[in-house]
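K.L.:
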Amino acid sequence: MAFVKDMLRMWAHSWKRFISIAMITLLGVAVLTGIYAGCRDAFRSTDRFFDAQGLHDVQVLSTAGLSNGDIAALRKVNGVAKVQAERSQEVTFDLDGRKSATMQEIGTNGIDQPYLQEGRMPKKAGEIAVTRKFIRDSGKHIGSRLTVTPESASSDTSDTNDTNGADGTNETNGTDEAPSFPTKLTIVGVVLDPQNLSNPDGYSAMTSFRSTATTDYTFFAPSDGVTGTLYTSATLLVKGAAAESTFDESYENTVKQVTDRIDGTVKTDRQKARRQELLDAGNRKIADARAEADKKFADAQSQIDANRQQFNQQVDQIVSMQAGAAAAGAAANGANAGAAAAAGATTPQLDETTRETMRETIIAASPELTQAKQQLDQAQSQLNEQKASTEQTLKTKENELKTSIPQVRWYVQDRQSLGGFSALKSDLDSIQSLGNAFPIVFLLVAVMMSLTAMARMVEEDRSLIGTYVGLGYGRLAVASRYLLFALLACLIGGGLGLIAGFLGIPAFLLVVLQGMYVMPGLRLEYDWLYGSLGIALFVVGVLAATIYACVQEMRQTPAALMRPKAPRAGSRILLERIRPVWNRMGFLGKVTARNIFRFKSRLIMTVGGVAGCTALIVCGLAINDTVADLGIKQYRDIYQYDLMVVSDDSDASAMRTKVASDGRVTSSLDVRIESGDLTVAGSGDGDSGKAGSSGSESIQLVAVPEKHLSNLGEMVTLQPVSSGILGTSGVGKTGSLKLDDDGVIVAQSAASALGVKAGSKVRLTNGDGVQATAKVSAVNRNLIGSDVYVSETYYAKLFDSKDAKNTKNSKSSKDSEALTWNAMLAKLSGSDASQTDYAESLEEDSSVMKAVSCAHMADSFKFDLMGAVVALIVALAGGLALVVLFTLANTNVSERVREMATLKVLGFFDREVHHYVNREMMILTVMGVILGLPLGRLVGGMLTMALNMPSLYFEVEVKPLSYVIAAVATMAFALLVQLFVNPVLDRIDPISSLKSVE
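Take 4 as the starting number for the sequence shown in the numbering used here and just add one per residue.
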């Protein structure tokens, strides 16, 4: 009992060490669990939402649309739980200028169901549900009416099923009809599209825009009123996939098994079968056209024959009348009147030659008959020509049918191909990577501080330990006094850390996340396993340090332990050998130098602890500076143009005329801008068709006119980059990069996220959904957005082949057609404010779809999520620095109580004692700061390498002010600690402190 009481008294006496260990553990556990828990809560809530709404695991698209046979084949694939055939149609409407939308049929098989936020789901024909983005942009509300216009036939999926000619004889499919939706619509609900969780009022809405290749909105309509038997796509749910987290590798493996099966025989067989269907339909069309033409020609020939027969009868009648009259006149001149009477009673018989001669004579003598004969001959000639022409046309169509119908291509995509899904996953993964890195530093600092504190605690009780061991107490029992002390401090600090880690920090992060994404059903959850392991990690580290301190002391005999520890042998320090410096130092300066450098363990612990905390602060500020400069670097340095204007294809000419007439442009470059995707090409051939298998990024595809390739460098800074180390990258000389016809130039932001470099093969998807494998000729410095630059010639080579058809909505192929330059990059005159105002005024023009001012983007760019995380990290790092300095200062004082007492006996005033002790701590702090500043830059560089976020590349930037802030903050913490240490120094009693420990 006495042993326990003494242990408790010892614990109470060491309450400062207890608080220090508990606080370090609290901070470490909070960092370890907080960011993880916030991301985990977001992952889980999103996964639950996806499962509840039936977000598809696999989506199948076809260049020729999908038929019922395709859907039936997908249902037979092993591992497929559900298949839903989907129909959609692109429409346009007037909303402060021409806007586009996708009319999407709400599936009846429970897949990709929109989440109702307001109102009710549409049930009748003409009712629709819209997204909150549309409500915000349009100002409409539930009950508002809207009239839409279906886009031209070129936008219908059926365009992939015919090669429409003037006479319609070359249509290849007369059975499948493209989807068609009602055009007079009523809004009955506001929904959230499960394929895109972006908050319309958040960061993504400010920095992104839609080009003509992507519709602005999505309208959800019921099956009632939708016609058409050709499907836009097929969505699938995989058996067992719902039981896995959609963000885990196990889910990807489960889905990959099914996609591999589809990519195997099913895909190949259905591609061939679908093309054969198109060929058969085309042959039927040609056969029907031939039969119809033959019937028309036969009817026309019958009509001509009837008219010619009537004409011949009329001429023959005239011939007979003239022949009879001639015979009667000849008989009247004869002698026999009876013979004359007999001759007049009968028509003379004419031979064929005579008759034909008379016919020609009669026709020639009559203008009316001559004209009638010419009309009959002309009609017959025209009919013969039409017969020959039609037959030749049909034969040509028969010969061209196989070549005019392209090979059908299937594209099998998983959730990674969804821009909203991949963006959310990448954001959370990047933030979680920070949460995995920072706790390592906290753990190392905690172990160092625990070792320092517990080693001093054990050393203070040296004689008492020897006494207990001499009395027969086991070394383990004696060591348990300190092990239990450290364990209890870790458990209490860890418990408080779990509260902060699973409640405080996640709540803070999720508030920021909800400003970027809409995540219904979000709730905070506790992970017992991870929380327990988090505490256990710090418990093991601190206990290991405590055990080491105990072993170092208890390996001596009890007699040696009960005697005072021999002072460290005197020795010279390196500075003493530098005579010019040493001789000019004062007495107290020399004492301070000896105290600092002779006690190397204290030197290492103090400098290491301060350096670690300073590095954390610098690292956080480095990330903050990097993010803060993204907008300036991108929109001031990389983008040299001031304005980007995008229009619809049909309004491109009017847009350029409008901008030119305003007189604000000093120079410009016409380009074509489309929204597309860049996917890392697999190991197979370029037409594997499996998007997203190796990573995918949404891109802005910029096609440049062949004649103006050299002008691109005047609008965009072209600098080749190569990957470096520790967050750096090698940047080539400005202007050394040129766009040519051998490949595409990929933005650094996309290349870094996907591991793309010069010479890589990637799959590009253009605005019409056409996919092609392209070579990367270079990687260009780019921080925001994922621009891919391609020349007009290389664009045509990639996408203008006859096999290039749309994978979804089949906007018309641009075969052998010149590109429409639907966008303009321009340099403007005037101030930044006037440029911003001009861009806003352009958006009001009906010919302009989007106008982006670089000046406005540079000023308004923000990244709230990263800024919030950085603020959190800097705050925690500052707290750790304060605790570390407090621990080291108190340990330093407890080690030197007799020394301080001696100084007081020698006549030092309290202020002088403060200066004597604090000067050493300040010097050690300065040394730690000097070491921590470059260390923070190093750690910051390594951390930014892990931040692979969509359309963002973090080019590490640390401003001089950030180094100053980190140094000043650490020094301020050191000064603050002095306020707590000085009273301790004042309370040292010289008399009791100098009493012999014997």
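Here a beta-carbon is modelled for each residue, glycine too, at the ideal position from N, C-alpha and C.
Note that the structure is predicted; figures quoted are calculated from it, not measured.
Which residue wins for smallest C-alpha separation from Gly122, given the options Leu239, Asp140 and Ile145?
P.N.:
Of Leu239, Asp140 and Ile145, the residue nearest in Cα terms is Ile145.
K.L.:
Nearest by alpha-carbon distance to Val83: which of Tyr234, Gln260 and Asp790 is it?
P.N.:
When only C-alpha atoms are compared, the closest one is Gln260.
K.L.:
At which residue ranges does the region 98-149 contain complete beta strand (DSSP E) runs of 3 or more residues, listed in the order of the chain?
P.N.:
The qualifying runs are 101-108, 118-122 and 130-134.
K.L.:
Residues in its own chain within less than 8 Å of Val932 by CB, not counting five upstream and five downstream?
P.N.:
Val613, Ala614, Thr617, Ala969, Ala970, Thr973 and Met974.
K.L.:
Does at least one heavy atom of the ligand GTP sit under 7 Å from the Cβ of Gly612?
P.N.:
Judged by which ligands are present, the structure shown has none, so any question about the ligand GTP falls away.
K.L.:
Output the distance between the C-alpha atoms of Leu934 and Asp140, rounded to the nearest integer angstrom.
P.N.:
Whole-angstrom Cα-Cα distance: 53 Å.
K.L.:
Bridge partners of Gln703, per DSSP?
P.N.:
Looking at the DSSP assignment, Gln703 forms a beta bridge with Ser678 and Asp790.
K.L.:
So, under 8 Å CB-CB, Ile641 and Asn785 are touching, yes? Tell me the CB distance rounded to an integer number of Å.
P.N.:
Yes, they are in contact, since the Cβ atoms of Ile641 and Asn785 sit about 6 Å apart, within 8 Å.
K.L.:
Does Ile502 get closer than 8 Å to chain C when you measure Cβ to Cβ?
P.N.:
Checking the listed chains, one finds no chain C in this structure; it contains a single protein chain.
K.L.:
Classify Phe424: buried if its beta carbon has 16 or more other beta carbons within 10 angstroms, exposed otherwise.
P.N.:
Burial call: buried.
K.L.:
Any idea what DSSP makes of Arg766, helix, strand or coil?
P.N.:
Three-state DSSP puts Arg766 in a strand.
K.L.:
Tell me whether Trp14 sits in a helix, a strand or coil according to DSSP, three-state version.
P.N.:
Helix at Trp14.
K.L.:
Would you say Arg940 and Val961 are within 8 Å of each other, going by their C-beta atoms?
P.N.:
Yes, they are a contact pair.
K.L.:
For the alpha helix (DSSP H) containing Asp744, name the first residue and the last one.
P.N.:
First-last for Asp744: undefined, no H or E at that position.
K.L.:
Helix or strand or just coil, what does DSSP make of Ala884?
P.N.:
Ala884: helix per DSSP, three-state reduction.
K.L.:
Quick check: Phe976 and Leu888, are their CB atoms within less than 8 Å of each other?
P.N.:
For Phe976 and Leu888, yes; Cβs fall inside 8 Å.
K.L.:
For Ala328, is the classification buried or exposed, using 16 other Cβ atoms within 10 angstroms of its Cβ as the cut-off for buried?
P.N.:
Ala328 is exposed by the Cβ-count criterion.
K.L.:
Pull up the CB-CB distance for Val94 and Pro153, whole angstroms please, since I reckon it's below 8 Å.
P.N.:
The pair is a contact, with the Cβ atoms about 5 Å apart (cut-off 8 Å).
K.L.:
To which residues does DSSP link Met945 through a beta bridge?
P.N.:
DSSP lists no partner for Met945.
K.L.:
For Gly469, count neighbouring C-beta atoms within 10 Å of its own C-beta (all shown protein chains included) and say buried if the count is 16 or more, exposed if not.
P.N.:
By the neighbour-count rule (16 or more Cβ atoms within 10 Å), Gly469 is buried.
K.L.:
Please report the straight-line C-alpha distance between Ser863 and Asp628, rounded to a whole angstrom.
P.N.:
Straight-line Cα distance between these residues: approximately 15 Å.
K.L.:
Who are the near neighbours of Val545 in its chain, counting only those whose CB is closer than 6 Å to its CB and skipping five residues on each side?
P.N.:
Within the same chain, Val545 has close Cβ partners Ser453, Ala489 and Cys493.
K.L.:
Do you know offhand how far Pro117's Cα is from Thr111's?
P.N.:
Each residue's Cα considered, the two are about 12 Å apart.
K.L.:
The beta strand (DSSP E) spanning Tyr638 covers which residue range?
P.N.:
Premise fails: Tyr638 is in no beta strand (DSSP E) and is neither H nor E.
K.L.:
Sort Val984, Met460 and Ile408 by Cα distance to Asn286 and report the nearest one.
P.N.:
The shortest Cα separation from Asn286 among Val984, Met460 and Ile408 belongs to Ile408.
K.L.:
Here's a check: name, in chain order, each residue in its chain whose Cβ is nearer than 7 Å to the Cβ of Ala375, leaving out the five neighbours to either side.
P.N.:
Phe314, listed in sequence order.
K.L.:
Give me whichever residues DSSP pairs with Tyr414 in a beta bridge.
P.N.:
Note: Tyr414 sits in a beta bridge opposite Leu64.
K.L.:
Applying the criterion that 16 or more other CB atoms from any shown protein chain within 10 Å of the CB defines a buried residue, is Thr360 buried or exposed?
P.N.:
Label assigned to Thr360: exposed.
K.L.:
Express the C-alpha separation of Ser965 and Gly692 in angstroms, rounding to a whole number.
P.N.:
With a pLDDT of only 39 at Gly692, under the threshold of 50, the placement of this residue in the model should not be trusted, and no figure is reported.
K.L.:
Taking three-plus beta-carbon pairs below 8 Å as touching, is the region 978-992 in contact with the region 659-674?
P.N.:
No: fewer than three Cβ pairs fall under 8 Å.
K.L.:
Nearest CA to the CA of Leu624: which residue from Leu767, Val791, Ile876 and Tyr476?
P.N.:
Closest by alpha carbon: Ile876.
K.L.:
If we require 3 or more residues per run, which beta strand (DSSP E) segments fall completely within the region 642-666?
P.N.:
You should have 646-649.
K.L.:
I'd like to know whether the C-beta atoms of Met827 and Asp645 end up nearer to each other than 8 Å.
P.N.:
No, they are not a contact pair.
K.L.:
Going by C-alpha to C-alpha distance, which of Val521, His918, Ser670 and Val63 sits closest to Val194?
P.N.:
Here the closest residue by C-alpha is Val521.
K.L.:
Pick out whichever of Val415, Thr595 and Asp840 has its Cα sitting closest to the Cα of Gln774.
P.N.:
The option with the nearest alpha carbon to Gln774 is Val415.
K.L.:
If we ignore side chains and look at the alpha-carbon of each, how far apart do Thr823 and Ser699 end up?
P.N.:
Approximately 27 Å between the Cα atoms of the pair.
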